[in-house]
Amino acid sequence: MTSRTLIIVSCAGAIFASFAAAQSTGGLPNGNYIPHLGDIMGTMQLRHFKLSFAGKLRNWELAAYEMDRIKESFQDAATLYPGIPVSDMTVMAEPVRRLGEAIQKKEPNKFASAFSEMTAACNGCHQSIGRGFIVIKVPTSSPFSNQVFDPAARP
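Residue numbers -22 to -1, 1 to 133, in mature numbering (1 follows the signal peptide of the UniProt record, and there is no 0), belong to the letters of the sequence shown in order.
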C-alpha cells in the first residue's frame, strides 16, 4: 500500500469516526439533543394526518398508536418548553380525551366529531399564542402513499 493510499484511508476513517460520534450523541458535544418546538409540532402534524386516515378507515389499532404518540408530543412540548402557556394547551385535553374514547369504543362518527374538535383546538391554541397563521385542517388526501391505512389490506 502506498503512503498516499494510507493517508486517504486514514483521513476517511477519521471523517467516518467523527460522523459516527456526532450521530451517536445527537450531533452535540454533550449528547443532550433538544428538538425545536417547531420540530415537535411538525411531527405532531404528521401524526395528525395519520390519525385521521387510520380513523376514517377504522384501523383502530393504528389510530390508538398515533393518538398515544400525539399525547407524548404534547407532553414533550410542555416539558421541554415551559414558556408555552400551558393553559392554552389545556384546551386540547377534552377533545383528546373524547378522541381516545371514540378510538377505544371503535365509533367512527364520534371519532370524526372528536377529531374535528381536536383540530379546532389546535388552531385555537395557535391563535392564542400569536401563531394564527398556522392553520391545521382535517386532511382530505394522504401524502403517505407508502403506508397502508386500511386494516383489511394488511400484507
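Yeah, the Cβ is synthetic: ideal placement off N, Cα and C, and Gly gets one too.
Around the CB of residue 40, 16 or more other CB atoms lie within 10 Å, so the residue is classed as buried.
The count of Cβ pairs closer than 8 Å, one atom from the segment 37 to 57 and one from the segment 80 to 100, reaches three, so the stretches are in contact. For residue 123, the three-state secondary structure derived from DSSP is coil.
The Cβ neighbour count for residue 25, taken over all protein chains shown within 10 Å, is at least 16; the residue is labelled buried. Counting of Cβ neighbours within 10 angstroms places residue 33 among the buried residues, the total reaching 16 or more. The beta carbon of residue 95 sits closer than 7 Å to those of 73 and 76, all from its chain and outside the five residues before and after it, given in chain order. The beta carbons of residue 117 and residue 27 sit about 5 Å from each other, so the pair counts as a contact at 8 Å. If you look at residue 93, you'll find it in the alpha helix (DSSP H) that goes 86 to 106. Around the C-beta of residue 48, 16 or more other C-beta atoms lie within 10 Å, and the residue is accordingly described as buried.
In this chain, the alpha helix (DSSP H) harbouring residue 43 covers 38 to 58.
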